[in-house]
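Peer 1: Before anything else, here's the structure in question.
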Amino acid sequence: MYQNTRTYSRKRRSQRLIEAEKSKKRLRDSTEPIHLPILSFPTEILLSVISHLPSPWQLSLGLTCRFFSELTRRNTLPRLEGKDLVEFLSTLQRDIPNMYFCYCCNKLRTLDPNLDYKNQAHTETVGAFKNSRWVPHPTNTLHIELPPYYSSFFFATKISFMEANLVMSRHFKGFSLGTSLRNFERCSILEDVIELGKCLRFRRRLKRRNYISEDFVHPETKFPEENLEALPRRENAWRFLFRSSPKIIDDELFIARFYTLTGPPVSLEQLKKLMESTSIPICSHLTCSAFLYCCYLMRSLPKRYLRCCPFIRPESPYRDDDGKRIKFDSERDSCLLCSTDYDISVDLETNNGTTIKISIYHRLGSCRSPSDKLWNYFVNPHSEVSRRNLIRDADLNDPYHFDSNGLFNFENIPSAQEIRSRHLEVDPGVARRKWHEEAPDEKL
Numbered sequence: 001m002y003q004n005t006r007t008y009s010r011k012r013r014s015q016r017l018i019e020a021e022k023s024k025k026r027l028r029d030s031t032e033p034i035h036l037p038i039l040s041f042p043t044e045i046l047l048s049v050i051s052h053l054p055s056p057w058q059l060s061l062g063l064t065c066r067f068f069s070e071l072t073r074r075n076t077l078p079r080l081e082g083k084d085l086v087e088f089l090s091t092l093q094r095d096i097p098n099m100y101f102c103y104c105c106n107k108l109r110t111l112d113p114n115l116d117y118k119n120q121a122h123t124e125t126v127g128a129f130k131n132s133r134w135v136p137h138p139t140n141t142l143h144i145e146l147p148p149y150y151s152s153f154f155f156a157t158k159i160s161f162m163e164a165n166l167v168m169s170r171h172f173k174g175f176s177l178g179t180s181l182r183n184f185e186r187c188s189i190l191e192d193v194i195e196l197g198k199c200l201r202f203r204r205r206l207k208r209r210n211y212i213s214e215d216f217v218h219p220e221t222k223f224p225e226e227n228l229e230a231l232p233r234r235e236n237a238w239r240f241l242f243r244s245s246p247k248i249i250d251d252e253l254f255i256a257r258f259y260t261l262t263g264p265p266v267s268l269e270q271l272k273k274l275m276e277s278t279s280i281p282i283c284s285h286l287t288c289s290a291f292l293y294c295c296y297l298m299r300s301l302p303k304r305y306l307r308c309c310p311f312i313r314p315e316s317p318y319r320d321d322d323g324k325r326i327k328f329d330s331e332r333d334s335c336l337l338c339s340t341d342y343d344i345s346v347d348l349e350t351n352n353g354t355t356i357k358i359s360i361y362h363r364l365g366s367c368r369s370p371s372d373k374l375w376n377y378f379v380n381p382h383s384e385v386s387r388r389n390l391i392r393d394a395d396l397n398d399p400y401h402f403d404s405n406g407l408f409n410f411e412n413i414p415s416a417q418e419i420r421s422r423h424l425e426v427d428p429g430v431a432r433r434k435w436h437e438e439a440p441d442e443k444l
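Just so we're aligned: the sequence shown equals residues 1 to 444 in UniProt numbering.
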């Protein structure tokens, strides 16, 4: 039985070699011969190479021509599932115009290159998948009543992987295989009077207000090339202006987000109420916020936090090699877990009003896959392990956990390890520097 099986395998291999050689001869003898260096290799060597390829790559190679179809045993390849199917279809899509690979349903879908991703035929039924998008965290509603349209204004800042993927696909592979970089250009404006008096938690009754839809301008609205910050503002009203601008530099996608908040003169405590309530996100790991006296009267909060406005609040405490919390500059700094830089300025005196400007620069990489490192770092928050839990779970009999002085070695805590491992890839400051100093690969 075993000998018969081996004999049958040898016969099949010989038959495949004969058929492959015939296919190669037909390619060479055709009226328009194909000059491919790979065809000059002996068939036995090609078979040996193919046997070491993963199934998705064998199937992709087999679809190129009949010669490789014979060598890859197309009829006997296993059914592709999971990661193999994703790898195969995403590779196959690169050679099919007006098609794109959907990471939600793992299928090839029709693409209209003249439309943005949100207006493609399939996008209304697309669900979430791992690393599918970055969405800002919800705002704090304990202090002041924000306009009802603020959530729409806030949500307009989301960044979808499929949008980024299709933009970069056009950059790498051509017009018919992706969408325009201009689709990441966004602008939204919200203007309304905001009560910055007593916190909501201390008010007995909250008056309902009537809002009009004209206060909110949808982020897809196209504006003329003018300085929107200079437009007249209603008396005592706050204006929230958001802009998003993309660039492709060194085959990587960069997105800059610009927020401008302008309003009437306010005290420092009122300013902190506004910043704590809006809580503008810098990335998945940092938020531009503030600490208020009213909410921390009974807590042992360090006074330096109460004096600082804005305060850059990590979603999980960053820790250095000594286990101490890392502090972030309130004016200019970088995230240590993703490639994001920020600049913040607060002006309480110019033009008899208040102006807050926040500039955020993201380096998102090539966006070929949701698991690409820079994109993965950007969308995933970092989980924090407390010092107490770290000591509790450690083997105290293992000298590895202690330094030469007999003290617990906090170099082993995940935050410090993660920051060290990502440092070279994240490269703090590079997103801001490249955005301002280097020419983009293509113009909008």
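In this text, a Cβ means the ideal position worked out from N, Cα and C, and glycines have one as well.
Just so it is clear, the structure is predicted and the values come from calculations on it, not from any experiment.
Is it buried or exposed for ASN351, if we count other Cβ within 10 angstroms and need 16 for buried?
Peer 2: The sequence position of residue 351 within the sequence shown is 351, counting from 1. An exposed status is given to ASN351, since fewer than 16 other beta-carbon atoms sit within 10 Å of its beta-carbon.
Peer 1: Identify, in the order they occur along the chain, each residue of the same chain with its Cβ nearer than 6 angstroms to the Cβ of SER69, setting aside the five sequence neighbours on each side.
Peer 2: Numbered from its first residue, the sequence shown carries residue 69 at position 69. Once the five neighbours on either side are set aside, the close Cβ partners of SER69 are GLY62.
Peer 1: DSSP state of HIS362, grouped into three classes?
Peer 2: Along the sequence shown, read from residue 1 onward, the residue named residue 362 stands at position 362. Three-state DSSP puts HIS362 in a strand.
Peer 1: Using the beta-carbon count (16 or more within 10 Å), is LYS247 buried or exposed?
Peer 2: By 1-based counting over the sequence shown, the position of residue 247 is 247. Classification for LYS247: buried.
Peer 1: Look up PRO219 in the DSSP assignment and say whether it is helix, strand or coil.
Peer 2: Taking the sequence shown and counting its residues from 1, the one referred to as residue 219 is at position 219. Any reading at PRO219 must be qualified, since the residue scores a pLDDT of 45, below 50, and its modelled position is unreliable; the value itself is stated next. Coil at PRO219, not helix or strand.
Peer 1: For LEU286 and CYS335, which I take to be in contact (beta-carbon distance under 8 angstroms), what is that distance rounded to the nearest angstrom?
Peer 2: Within the sequence shown, the letter at position 286 stands for residue 286. Within the sequence shown, the letter at position 335 stands for residue 335. Their Cβ separation, rounded to whole angstroms, is 5 angstroms, which keeps LEU286 and CYS335 in contact under 8 angstroms.
Peer 1: With respect to the alpha helix (DSSP H) encompassing SER244, which residues constitute its N-terminal and C-terminal limits?
Peer 2: Stepping through the sequence shown from its first residue, residue 244 is reached at position 244. Premise fails: SER244 lies in the beta strand (DSSP E), 237-249, not in any alpha helix (DSSP H).
Peer 1: Residues in its own chain within less than 7 angstroms of ASP251 by CB, not counting five upstream and five downstream?
Peer 2: Here residue 251 corresponds to residue number 251 of the sequence shown, with the count starting at 1. Excluding positions up to five away in sequence, the list reads SER366 and ASP441.
Peer 1: Over what stretch of residues does the alpha helix (DSSP H) that includes ARG433 continue unbroken?
Peer 2: To locate residue 433, count along the sequence shown from 1; it is residue 433. 430-437 is the span of the alpha helix (DSSP H), which, as asked, contains ARG433.
Peer 1: Should PHE216 go down as buried or exposed, given a rule of 16 or more other Cβ atoms within 10 Å for buried?
Peer 2: As a working mapping, residue 216 is identified with position 216 in the sequence shown. In this prediction, PHE216 has a pLDDT of 46, which is less than 50 and means its spatial position is unreliable; what the coordinates show is noted afterwards. Classification of PHE216: buried, given that the 10 Å Cβ count is 16 or more.
Peer 1: Can you give me the C-alpha to C-alpha distance between GLY353 and TYR318, rounded to a whole angstrom?
Peer 2: Mapped onto the sequence shown, residue 353 falls at position 353. Mapped onto the sequence shown, residue 318 falls at position 318. One C-alpha to the other measures close to 35 angstroms.
Peer 1: For the structure I just gave you, are there three or more beta carbon pairs, one from the segment 144-153 and one from the segment 124-133, closer than 8 angstroms?
Peer 2: no
Peer 1: From CYS102 to ARG109, what distance separates their C-alpha atoms?
Peer 2: The count along the sequence shown starts at 1 and reaches residue 102 at position 102. The count along the sequence shown starts at 1 and reaches residue 109 at position 109. Roughly 7 angstroms between the two C-alpha positions.
Peer 1: If you drop the 5 nearest sequence neighbours on each side, which residues of the same chain put their C-beta closer than 6 angstroms to that of ASN4?
Peer 2: For this step, residue 4 is matched to residue 4 along the sequence shown. Caution applies to ASN4, whose pLDDT of 48 falls short of 50 and renders its modelled position unreliable; the model cannot decide the point.
Peer 1: With a CB to CB cut of under 8 angstroms and the five nearest residues on each side skipped, what residues in its chain are close to ARG234?
Peer 2: The sequence position of residue 234 within the sequence shown is 234, counting from 1. Excluding five sequence positions before and after ARG234, the CB atoms of its chain that fall closer than 8 angstroms to its own CB belong to GLU191 and VAL193, given in chain order.
Peer 1: Return the residue from the list HIS137, PRO264 and ASP427 that minimises the CA-CA distance to THR157.
Peer 2: On the sequence shown, position 157 is the one that residue 157 refers to. Scanning HIS137, PRO264 and ASP427 for the CA closest to the CA of THR157 turns up HIS137.
Peer 1: What is the DSSP secondary structure of residue 454, reduced to helix, strand or coil?
Peer 2: Look at the range of the chain in this structure, 1 to 444, and you will see that residue 454 is not part of it.
Peer 1: I'd like to check one pair, TYR117 with THR125: are the Cβ atoms closer than 8 angstroms?
Peer 2: Position 125 of the sequence shown, counting from 1, holds the residue named residue 125. Position 117 of the sequence shown, counting from 1, holds the residue named residue 117. Going by C-beta atoms, THR125 is not nearer than 8 angstroms to TYR117.
Peer 1: Does the segment 343-350 come close enough to the segment 260-273 to have 3 or more Cβ pairs within less than 8 angstroms?
Peer 2: yes
Peer 1: Identify the continuous beta strand (DSSP E) that holds ALA256 and give its terminal residues.
Peer 2: The count along the sequence shown starts at 1 and reaches residue 256 at position 256. Per DSSP, ALA256 belongs to the beta strand (DSSP E) from 252-263.
Peer 1: So, using beta-carbon positions, are SER339 and ARG313 closer together than 8 angstroms?
Peer 2: The count along the sequence shown starts at 1 and reaches residue 339 at position 339. The count along the sequence shown starts at 1 and reaches residue 313 at position 313. Against a cut-off of 8 angstroms, the Cβ pair of ARG313 and SER339 comes out as no contact.
Peer 1: Applying the criterion that 16 or more other CB atoms from any shown protein chain within 10 Å of the CB defines a buried residue, is ASN210 buried or exposed?
Peer 2: Counted from its first residue, the sequence shown places residue 210 at position 210. Low confidence applies here, because ASN210 scores a pLDDT of 41, under 50, leaving its location unreliable; read the following figure in that light. Exposed, by the Cβ-count rule.
Peer 1: Only counting runs of 4 or more residues, tell me where the alpha helix (DSSP H) segments fall wholly within the segment 48-119, in order along the chain.
Peer 2: 55-62, 66-71 and 82-92
Peer 1: Suppose you measure from the CA of ASP427 to the CA of GLU418; what does that come to, to the nearest Å?
Peer 2: Translated into the one-based positions of the sequence shown, residue 427 becomes position 427. Translated into the one-based positions of the sequence shown, residue 418 becomes position 418. C-alpha separation (whole angstroms): 14 angstroms.
Peer 1: Starting from the Cα of ILE96, find the closest Cα among SER151, GLU87, PHE155 and LYS173 and give me that residue.
Peer 2: Against the sequence shown, residue 96 aligns to sequence position 96. When each option's Cα is compared against that of ILE96, the closest is LYS173.
Peer 1: Tell me the rounded alpha-carbon separation between LEU256 and ILE358.
Peer 2: As a first step, residue 256 is located in the sequence shown; it is residue number 256 there, counting from the start. As a first step, residue 358 is located in the sequence shown; it is residue number 358 there, counting from the start. The amino acid at residue 256 is misidentified as Leu; the sequence shows Ala. Looking at the two C-alpha atoms, the distance is approximately 10 angstroms.
Peer 1: Closer than 7 angstroms by C-beta to LEU431: which residues in its own chain qualify, once you throw out the five before and the five after it? Chain order, please.
Peer 2: Residue numbering aside, residue 431 sits at position 431 when the sequence shown is read from its first letter. Residue 431 is actually Ala in this sequence, not Leu. Around ALA431: PHE254, SER339, THR340, ASP341, TYR361, HIS362 and ARG363.
Peer 1: Please classify THR64 as buried or exposed, where buried requires at least 16 neighbouring CB atoms within 10 angstroms.
Peer 2: Looking up residue 64 in the sequence shown gives position 64. Around the C-beta of THR64, fewer than 16 other C-beta atoms lie within 10 Å, and the residue is accordingly described as exposed.
Peer 1: Only counting the same chain, and skipping five residues up and downstream in sequence, which positions put a Cβ closer than 8 angstroms to that of PHE161?
Peer 2: The residue given as residue 161 occupies position 161 in the sequence shown. Within the same chain, PHE161 has close Cβ partners TYR103, ASN131, SER132, ARG133, CYS367, PRO370, TRP375 and VAL379.
Peer 1: Tell me, to the nearest whole angstrom, how far the beta carbon of ARG186 is from that of SER244; I am working on the premise that it is less than 8 angstroms.
Peer 2: By 1-based counting over the sequence shown, the position of residue 186 is 186. By 1-based counting over the sequence shown, the position of residue 244 is 244. About 4 angstroms; that satisfies the 8 angstroms criterion.
Peer 1: Counting along the chain, where does the alpha helix (DSSP H) carrying PHE41 start and finish?
Peer 2: Position 41 of the sequence shown, counted from the first residue, corresponds to residue 41. Looking at the DSSP string, PHE41 is not in any alpha helix (DSSP H), and its letter there is neither H nor E.
Peer 1: For GLU191, write down the residues that DSSP places opposite it in a beta bridge.
Peer 2: Walking along the sequence shown from the start, residue 191 turns up at place 191. In the DSSP output, where bridge partners are listed per residue, GLU191 has ARG239.
Peer 1: What residue does the beta strand (DSSP E) around VAL266 start on, and which one ends it?
Peer 2: Along the sequence shown, read from residue 1 onward, the residue named residue 266 stands at position 266. No beta strand (DSSP E) holds VAL266; DSSP gives it neither H nor E.
Peer 1: For LEU177, which three-state DSSP category applies?
Peer 2: The residue labelled residue 177 in the question sits at position 177 within the sequence shown. If DSSP states are grouped into helix, strand and coil, LEU177 belongs with the helices.
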